[in-house]
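The sequence shown maps to residues 27 to 125 in my numbering.
The structure appears right after this line, and notes come after that.
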Amino acid sequence: MMTYFPYFLVSSFMIFGGFWVFVSSHKHLLIVLLSLEYMMLGLYLCLVFFLASLDIEVYFSMIFIIFCVCEGSLGLSILVSMVRSHGNDYFSSYTILQC
Numbered sequence: 027m028m029t030y031f032p033y034f035l036v037s038s039f040m041i042f043g044g045f046w047v048f049v050s051s052h053k054h055l056l057i058v059l060l061s062l063e064y065m066m067l068g069l070y071l072c073l074v075f076f077l078a079s080l081d082i083e084v085y086f087s088m089i090f091i092i093f094c095v096c097e098g099s100l101g102l103s104i105l106v107s108m109v110r111s112h113g114n115d116y117f118s119s120y121t122i123l124q125c
């Protein structure tokens, strides 16, 4: 378990770094989506190293990365549709809760 500690530390820094960017910057939609993907990558690395330290099969990590890819493609399609309709990806130019 101690051999994987530096990897857990790096993945936790990735998760907290992505969360800090997600909380601190709300100007562009692209930055928010990239920070979410960065957090998912950190969670994936943490999951892989945790499963490897327990000598468990890593099939769950493949399912997790598939869901992360699907989430990323959905976020990209939302970004493209908002840029086409509003002309930019600023949060200030449109409201999400508008009916």
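The beta carbon of each residue, even a glycine, is placed where N, CA and C say it ideally should be.
What you are looking at is a predicted structure, and each value in this text was computed from that prediction instead of being measured.
Buried or exposed: which applies to residue i, given that a residue is buried once 16 or more other Cβ atoms fall within 10 Å of its Cβ?
| i | result |
| --- | --- |
| Leu35 | exposed |
| Phe86 | exposed |
| Phe75 | buried |
| Leu95 | In the sequence as displayed, the identity of residue 95 is Val instead of Leu. Result: exposed. |
| Val49 | exposed |
| Ser119 | exposed |
| Ser61 | buried |
With distances taken from CA atoms, which of the options is nearest residue i?
| i | options | result |
| --- | --- | --- |
| Ser107 | Ile89, Leu56, Phe48 | Leu56 |
| Glu63 | Gly113, Leu100, Arg110, Asn114 | Leu100 |
Tell me the DSSP secondary structure of residue i in three-state form.
| i | result |
| --- | --- |
| His52 | coil |
Going by beta carbon distance, what residues of the same chain come within less than 7 Å of residue i, once the five residues before and after it are set aside?
| i | result |
| --- | --- |
| Lys53 | Tyr116, Phe117 |
For residue i, which residues from the same chain have a beta carbon less than 6 Å from its beta carbon, with the 5 sequence-adjacent residues on both sides left out?
| i | result |
| --- | --- |
| Met40 | Gly68 |
| Ser51 | Ile57 |
Please work out which residues of its chain come closer than 8 Å, Cβ to Cβ, to residue i, disregarding the five sequence neighbours upstream and downstream, and give them in chain order.
| i | result |
| --- | --- |
| Leu71 | Tyr33, Val36, Ser37, Met40 |
| Glu83 | Leu77 |
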